[in-house]
Structure formats: structure tokens, C-alpha cells
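Notes for the one structure printed next.
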Amino acid sequence: MQQQLNVSRENFDDWLVPTYAPASFVLVRGEGSWLWDQEGKDYVDFAGGIAVNALGHAHPQVKKTLVEQADKVWHLGNGYTNEPVLRLAKQLIDATFAEKVFFCNSGAEANEAALKLARLYGHKQGGNKSEIIAFKNAFHGRTLFTVTAGGQPKYSEDFAPLPQDITHLPFNDLAAVADHISDRTCAVIVEPIQGEGGVVPADASFLQGLRELCDKHGALLIFDEVQTGVGRTGELYAYQGYGVVPDILTTAKALGGGFPIGAMLTLDKYGVLFQPGTHGTTYGGNPLATAVAGTVLSMINTPEVLNGVQKRHQWFIDGLKRINEQYQVFSEVRGAGLLLGAVMSERFNGQAKQLNTLAAEEGLIALIAGPNVLRFAPSLIISGADIEEGLNRLERAVKRLCA
Ligand SMILES: *Cc1c(COP(=O)(O)O)cnc(C)c1O
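Just so we're aligned, residue 24 is where the sequence shown starts under our numbering, counting upward by one.
Structure follows, in C-alpha cells:
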């Protein structure tokens, strides 16, 4: 075998386009909810690769599926279907409202498909039905269409001219939507819990109201469940907990448990608008990705795992409360299941990143969601002992932040 180059964190700045500012260490190995860096230092993982590694790192059953499929066939292209993609489509249909599935490779691509389908649907209705309603602080991905639908102008404005006819309204403000929506609206896109925007749950009445307004005006309701999906909230999909059924749902992140895959779920009557040639992707429905996702989905969609998420949610809440009683570092802990946001208190306003950096020094990998929220999205099967160890490390970081 070829001699491998020695590499370090500094090489990132030399060789990679600086779209990210990664931590000062390089992780080399993961197992369950643990990670190790080049120096052999260990970390408890409360980030799960940004809500992706829902079964932790290197789960034996997921690994087995990957290796078995690697022995069969890796890629065929869309001129040929394959067994894993057909099985995964049926699993998603059986587990949700969906009747048709489109596969792609990421969350942005799933949303891109959803928004294009909504526009196509609008045009088929005739008139000038192209308006898309989205929400402030929303995050839907980084393609030009999805970043424009996202509710942070600073992420899109440098890339103007932008796709037209997208309106941003305040999140959780049903009256604003009722005021604005019209028969010109082809879709409303919303995250059931705004993830990147700070772990802000939608009110049930807001989602219910959006459903009614969409029905009234013939607009498609799109739920972006890229972050909330696949067990994250303790339901397979968050819409099931809210009891509000969308017309289109997008899923990615945890779906592949670490293998890139995305999907758009919808009803027959909308799905068939995408005919051969209307939309597509080379890798979408790739047998390696869909085989892995099939195993991930069947392992997560069980009462044990989903109820276990609620149990772990409570362990987190109790542990964070205990830390907070001593240090008053958080003003609130919000979210659902194992998507949690600890909001920094007044005194530590804007210091989520500092706390996250200190946590890493203490051997805990967490996330932030904006400048003021420390975010946790760990493995859905993380053990009680690992949660306790992670929270102990967090407590040491909090103590240093307060010092
Ligand atoms: C992460 C995320 C996306 C984008 O997914 P990518 O796989 O990064 O393209 C879209 N929507 C939401 C809600 C997300 O959390």
C-alpha cells in the first residue's frame, strides 16, 4: 500500500477552501458515543455529526450492511433500479403519510426537489401561482434556491440575483401568514423545530393553522424534517407528534446514520408531476446509501428506540438543570427528544461558542445553533453512563466559563 501522508489541522487552512473553521484537533476514530483525536484524547459525542450519527459511530449492524452491500454493487445510475432503493422506499411509505419517494444525497437536495415540485405544481394550476412562503431564521440548505428560502439574508445576498417570489414571514406567527397567503401561494415551507435557527419548536397551533391555510389556498405544505426526522424528537418524524400531516416532507441527516442520503416524501398526486427528465441526480437512490439507510431506519423505527429517546431527553433535562442550579449559565433548555438547545443566560449572552470550545477542551463534543444556543444532537441510543460522563465534562467547562 502507498505510504500515507502525515497531516494536521494546520493543513486545513493551507489546502481547503475556508468555508468552515473546524476545531483545533483532528478526530480519527469513533465508536458508539465516543471519539478519539490524533493525540489519543477521548471525547464524549453529544453532536452526532450534526444530528446525523443517530446510532452512534461504527454501529456493528450498520457496518455489516455497508460491507455486505459493498460486496454486491455500489452504483448503477438511474437507468437501472436496485433492490435496496425499492426496499427503502417501501419502508418510508409504510412508516409515514407518503405514497411516493424521491431519493437524493443531502438535505439541501431534498428541499431543492420539494421547492421545484411545488413550483411545478403551481404552474400546472395555472395563473401566477409561484409564491413560496418561508420563515425568518429558517435553514433549508445551501443551494441557491434553498439558501434563498432560508431565513438568514446574510447567507444568500452575496449570490444575487436570487430566485424570485419567496416571502419570509416571522416564525410561529400565524396571523402574519393568514394576512399574506393567497391563491398565488404554491407552497409554505417550515421546519417543525428550527434547528440551525436556535432549536425553536413550532407551536402546534401554528402548524395546524398552516395546514388549514394551505388547504384553503391550494398551497402545498412542506415540512423540512432534515434535522428533526428519523427518531430525533422521539417520533419517527416530528409531524407525527404534532398530528399535522404535510404534503411534502424532506429527510436527510440521520437517515443514512453517517452515509450521505436525502429523500423527499410526498403523495401520489404530487409525486407524479416529476416525470422522466423533469428532475434527477446521478447518485440519488444509490444502492450503498439506500442499503445503509434501510438498516438505520428499521433499527430506529422501533418502540424501544423511540421511547428511549424520551427517556434520554429527561436525563439530559435533569442533568442540565443540576448544572444550571449551581452556575445559572442557561436561561432555558428547549427542543424535543434528543434535539436540545440550551440558551445562554443574560450574563453569558453570545458565548455559546466559547462554552463549546471549553467543552471540547474538557473532552465533550457539542454544537452551537447561533451565537447564543449550545445544541445537543447525540446518538439516539447513547447510554445513561455516557450522558452522565458528557454532562460531567460540560460542568467542568461551565465552571471555567464562569471563572
Ligand atoms: C442540515 C439541514 C439542511 C441541509 O442539509 P444538507 O445535508 O447540509 O444539505 C436543510 N434543512 C435543515 C432543517 C437542516 O437542519
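Note that beta-carbon positions come from the ideal geometry of N, C-alpha and C, so glycine has one too. Note that this is a predicted model, so its numbers are computed, not measured.
Segment limits, alpha helix (DSSP H) that includes residue i
| i | result |
| --- | --- |
| Leu381 | Ala375 to Glu384 |
| Ala426 | Ala426 -> no alpha helix (DSSP H), and no H or E assigned at all. |
| Ile323 | Pro310 to Ile323 |
| Tyr144 | Gly130 to Gln148 |
| Lys239 | Ala227 to His240 |
| Ile116 | Glu106 to Ala118 |
| Glu91 | Pro83 to Ala93 |
| Glu348 | Pro326 to Tyr350 |
| Glu33 | Arg32 to Trp38 |
| Ala198 | Leu197 to His203 |
| Pro299 | Pro299 -> no alpha helix (DSSP H), and no H or E assigned at all. |
| Asp291 | Asp291 to Gly294 |
| Ser179 | Pro176 to Ser179 |
Residue burial classification, residue i (beta-carbon count within 10 angstroms, cutoff 16)
| i | result |
| --- | --- |
| Tyr260 | buried |
| Tyr43 | exposed |
| Arg335 | buried |
| Leu109 | exposed |
| Cys209 | buried |
| His203 | exposed |
| Trp57 | buried |
| His82 | buried |
| Ile346 | buried |
| Pro215 | buried |
| Phe246 | buried |
| Lys276 | buried |
| Gly71 | buried |
| Cys237 | buried |
| Arg255 | buried |
| Tyr66 | buried |
| Asp270 | buried |
| Glu248 | buried |
| Glu369 | exposed |
| Asp409 | buried |
| Asn379 | buried |
| Phe182 | exposed |
| Gln374 | buried |
| Gln187 | exposed |
| Leu311 | buried |
| Gln298 | exposed |
| Ser179 | buried |
Simplified DSSP assignment, three categories, for residue i
| i | result |
| --- | --- |
| Pro283 | coil |
| Ala44 | coil |
| Asp68 | strand |
| Arg398 | strand |
| Arg357 | strand |
| Arg52 | strand |
| Glu258 | coil |
| Phe126 | strand |
| Glu219 | coil |
| Thr166 | coil |
| Ala392 | coil |
| Thr171 | helix |
| Leu278 | helix |
| Leu99 | coil |
| Leu414 | helix |
First and last residue of the uninterrupted beta strand (DSSP E) at residue i
| i | result |
| --- | --- |
| Ala365 | Leu362 to Met367 |
| Thr273 | Ile271 to Thr274 |
| Thr208 | Thr208 to Val213 |
| Trp57 | Trp57 to Asp60 |
| His191 | Ile189 to Leu192 |
| Asp247 | Leu243 to Asp247 |
| Glu154 | Glu154 to Phe158 |
| task | Please confirm if the stretch 189 to 197 is in contact with the stretch 224 to 235, defined as three or more CB-CB distances below 8 Å between the two stretches. | result | yes
| Within the chosen definition, does the stretch 392 to 410 reach the stretch 215 to 223 through at least 3 CB pairs nearer than 8 Å? | yes
| said: Taking 8 Å as the cut-off, does the stretch 119 to 137 touch the stretch 146 to 156 (at least 3 CB pairs, one atom from each stretch)? | reply: no
| Are the stretch 81 to 100 and the stretch 413 to 421 touching by the rule of at least three beta carbon pairs closer than 8 Å? | no
| request: Assess, as a yes-or-no matter, whether the stretch 376 to 392 is touched by the stretch 91 to 100 under the definition of 3 or more beta carbon pairs within less than 8 Å. | output: no
| query | Taking contact to mean at least 3 C-beta pairs separated by less than 8 Å, is the stretch 299 to 316 in contact with the stretch 123 to 134? | reply | yes
| query | Do three or more CB pairs link the stretch 47 to 57 to the stretch 317 to 335 at distances below 8 Å? | reply | no
| request: Inspect the CB distances between the stretch 62 to 71 and the stretch 292 to 303 and report whether three or more fall short of 8 Å. | output: no
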